[in-house]
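What follows is a short report on a single structure.
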Amino acid sequence: MGYDNWIVEKHPFQKETPPRGFLQLCADRRFHALLQHQFQNDTRLPSPEDYWIHADAGGTPKMGEQKVTPDYCYYDNEVRLMGWSAHGDKCGGFGNDVKDDVIQKALCKTMQKNVRDYPQARHFIYFVTIIGGETVLSKLIAEPGQDIFCTQDDD
Ligand SMILES: [Zn+2]
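First residue of the sequence shown: 57, per the numbering used here; consecutive thereafter.
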């Protein structure tokens with residue numbers, strides 16, 4: 057197999073930086089830039105190159121079994137700043153008719169396990185949606201070893 061038909065470009069050298077963060081999010085195009093910005097603000101990580109991203113449909117509540125990337129960050133690279141997220145206002149990972157509170161509750165439930173799987177990390181948990189024409193972001197921060205409590209009426 058040859059590569060004669062590939063277009064090759066040169067770009068500035070991309071240096072390796074210390075691994076410091078991990079951010080999981082839905083692939084949805086509307087919110088990933090916002091969530092990256094928020095995560096960088098909260099963690100004081102100046103650059104997108106400071107952290108891995110892990111994106112798939114549904115975000116954190118639908119990615120609970122996808123452990124390769126968070127394990128690699130936490131165990132192999134000792135990342136201790138971990139961001140997790142989901143969004144409402146129609147998520148393809150859940151289906152368009154699934155209500156925001158169902159998704160946010162699923163995020164909380166998944167995080168009850170994630171904080172225990174990665175106990176030495178500081179966890180930043182985000183839920184973003186659209187309410188009355190505005191983008192609304194809710195955030196929960198769990199310190200290392202801290203448990204997550206969801207609303208009382210769930211289980
Ligand atoms: Zn989504």
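Glycine is no exception: its CB is placed at the ideal position from the N, C-alpha and C atoms.
| Asked | Found |
| --- | --- |
| Please indicate yes or no: does the CB of F150 lie closer than 8 Å to some heavy atom of ligand 1? | yes |
| By the 10 Å Cβ neighbour count, where 16 or more other Cβ atoms means buried, how is A177 classified, buried or exposed? | buried |
| Indicate the three-state DSSP secondary structure (helix, strand or coil) for D210 in the structure shown. | In this prediction, D210 scores a pLDDT of 49, lower than 50, which makes its location untrustworthy; the coordinate-derived value is nonetheless stated afterwards. Note: D210 maps to coil in three-state DSSP. |
| Here's a check: name, in chain order, each residue in its chain whose Cβ is nearer than 6 Å to the Cβ of P75, leaving out the five neighbours to either side. | N133, V135 |
| Specify whether the region 88-104 and the region 139-155 touch according to this definition: at least 3 beta carbon pairs, one from each stretch, less than 8 Å apart. | yes |
| State the CB to CB distance for the pair V171 and A198, rounded to an integer number of angstroms; the pair is presumed to be in contact (CB under 8 Å). | 5 Å |
| Nearer than 8 Å: is that true of the beta carbon of G115 relative to any heavy atom of ligand 1? | yes |
| If we ignore side chains and look at the alpha-carbon of each, how far apart do G58 and S103 end up? | 36 Å |
| So Y174 and P126 are in contact, right, with Cβ under 8 Å, and what is the actual spacing, rounded? | 7 Å |
| In whole angstroms, what is the alpha-carbon distance linking I187 and V64? | 45 Å |
| If contacts are defined as beta-carbon pairs under 8 Å, then G115 and H143 qualify, I think. What distance do you get, rounded to the angstrom? | 7 Å |
| Should F180 and Q160 be called a contact, given that it needs their Cβ atoms to be closer than 9 Å? | no |
| So what does DSSP say about M138, is it helix, strand or coil? | strand |
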